[in-house]
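When we follow the numbering used here, the leftmost residue of the sequence shown carries the number 1161, and every step to the right adds one. Glycine included, every Cβ here is placed at the ideal spot set by N, Cα and C. Everything on this sheet refers to the single structure shown next.
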Amino acid sequence: MNQTLTARPSALTALLRWEGLLVCLLTVASFVSVPLTQGELGLGSDALNHHIYLGWTAQQHRFDLDFLAAGYQAYTFPYLYWPLYKMAAAGWSGVAVGVTLAALHGVLVAPPVWLLARACMPGATWFDLAMRVLGVALAFLTGVALSVLDATMNDLLAAAPLLWAVALAVQAMPGAGSDGRAARSLVLCSGLCAGAAVAAKLSNGPLAILMPGLWWLCGRGWMQRVMAVALGSAATLLGFAALYGYWGWLLWRYFGNPIFPFHHHWFEPLRLWTGMS
């Protein structure tokens, strides 16, 4: 009886030490099991009409060769589809492509979700551990997440930077135990991820614009809070420019609008000033 009582704490301690890695590995294994079980990867109309085409565009833009080849989808940020295009062009099987994409999804999105679960349930008991594992599982048992695993959609890849932005901001809060320098570094990385998320998918913008509310909580006094918001916001602009810059320049070069075809009238004065209209 005494041996049982003394063994439980040590087993829990060892499990907690490797908890994050184990949860991420289990998530990746669960994701990979979907294409393995099905023995195929679904090819919907999106895959045939623009997913693979966008990957081709990522490798070699075709604005001067094709006209609306994939509709207005041809002008959306294409680089997340490049792995799919390369695997399709190399003749990979559907199972191999599905396993690779599922593993990539899991590796990128599982860690930030687990960090958020740990922030919500930071205890070191069996109950806390179980709640964190269940929290991660529930996060991926949604229709959107599950539908990605047997198709060619990149929604989880596009969501990954935003998940990291939220997770890093939560880690920078005073209650998480970070000192001042570490908190600033976390806010900086959070802002870079938020900008990258918007670059990867412009529809992430309405979510990323709420990030200053989290950064405001990353300081102890009002001055630290203001600095955190300013640092995160500046990093967001930098992250967006770094990831979207080349694609935006291509769109500007051909259409006079770095987010073409959206809000084309916004850039009309600039086109007139530069002689593009």
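Close beta carbons around residue i, own chain, < 7 Å, minus the five adjacent residues each side
i            : result
residue 1284 : 1176
residue 1194 : 1262, 1309, 1310
residue 1328 : 1346, 1349, 1350, 1353
residue 1320 : 1268, 1269
With 16 other Cβ atoms within 10 Å as the buried cut-off, status of residue i
i            : result
residue 1307 : exposed
residue 1349 : buried
residue 1395 : buried
residue 1162 : With a pLDDT of 48 at residue 1162, under the threshold of 50, the predicted position of this residue should be treated as unreliable, and no value is reported.
residue 1271 : buried
residue 1427 : buried
residue 1278 : buried
residue 1419 : buried
residue 1368 : buried
residue 1232 : exposed
residue 1452 : The question about residue 1452 has no answer here: the residues shown for the chain are numbered 1161 through 1437.
residue 1424 : exposed
residue 1324 : buried
residue 1286 : exposed
residue 1442 : Outside the modelled stretch of the chain, which goes from 1161 to 1437, sits residue 1442, for which no answer is possible.
residue 1298 : exposed
DSSP state of residue i mapped onto helix, strand, coil
i            : result
residue 1435 : coil
residue 1284 : coil
residue 1311 : coil
residue 1118 : Nothing in the structure corresponds to residue 1118, since the chain is present only between 1161 and 1437.
residue 1379 : coil
residue 1164 : Caution is warranted here: a pLDDT of 46 is assigned to residue 1164, below 50, making its placement in the model unreliable, and the coordinate value is therefore given only provisionally. Helix.
residue 1229 : strand
residue 1220 : coil
residue 1204 : coil
residue 1417 : coil
residue 1324 : helix
residue 1238 : coil
residue 1409 : helix
residue 1345 : helix
residue 1332 : coil
residue 1253 : coil
residue 1400 : helix
residue 1302 : coil
residue 1393 : helix
Beta-carbon contacts of residue i that lie in its chain and below 6 Å, excluding the five residues immediately before and after
i            : result
residue 1343 : 1332, 1378
residue 1245 : 1212, 1215, 1216
residue 1399 : 1352, 1355, 1356
residue 1172 : none
residue 1380 : 1334
Rounded Cβ spacing between residue i and residue j (contact assumed at less than 8 Å)
i            : j            : result
residue 1372 : residue 1392 : 7 Å
residue 1235 : residue 1421 : 6 Å
residue 1201 : residue 1257 : 5 Å
residue 1316 : residue 1267 : The pair is not a contact, with the Cβ atoms about 11 Å apart (cut-off 8 Å).
residue 1252 : residue 1184 : Actually they are not in contact, since the Cβ atoms of residue 1252 and residue 1184 sit about 24 Å apart, beyond 8 Å.
residue 1264 : residue 1326 : Going by Cβ atoms, the distance from residue 1264 to residue 1326 rounds to 20 Å, so no, they are not a contact pair.
residue 1220 : residue 1242 : Actually they do not touch by this definition, with Cβ atoms about 11 Å apart.
Same chain, Cβ closer than 8 Å to residue i, five either side skipped, listed in chain order
i            : result
residue 1318 : 1240, 1357, 1360, 1361, 1364
residue 1166 : The pLDDT assigned to residue 1166 is 46, lower than 50, so where the model puts this residue is not dependable; a value taken from the coordinates is nonetheless given after this. There are no such residues.
residue 1281 : 1288, 1291, 1292, 1295
residue 1338 : 1331, 1332, 1346
Distance cut-off 7 Å: residue i Cβ against heavy atoms of the ligand SAM
i            : result
residue 1373 : The ligand SAM is not part of this structure, which contains no ligands at all.
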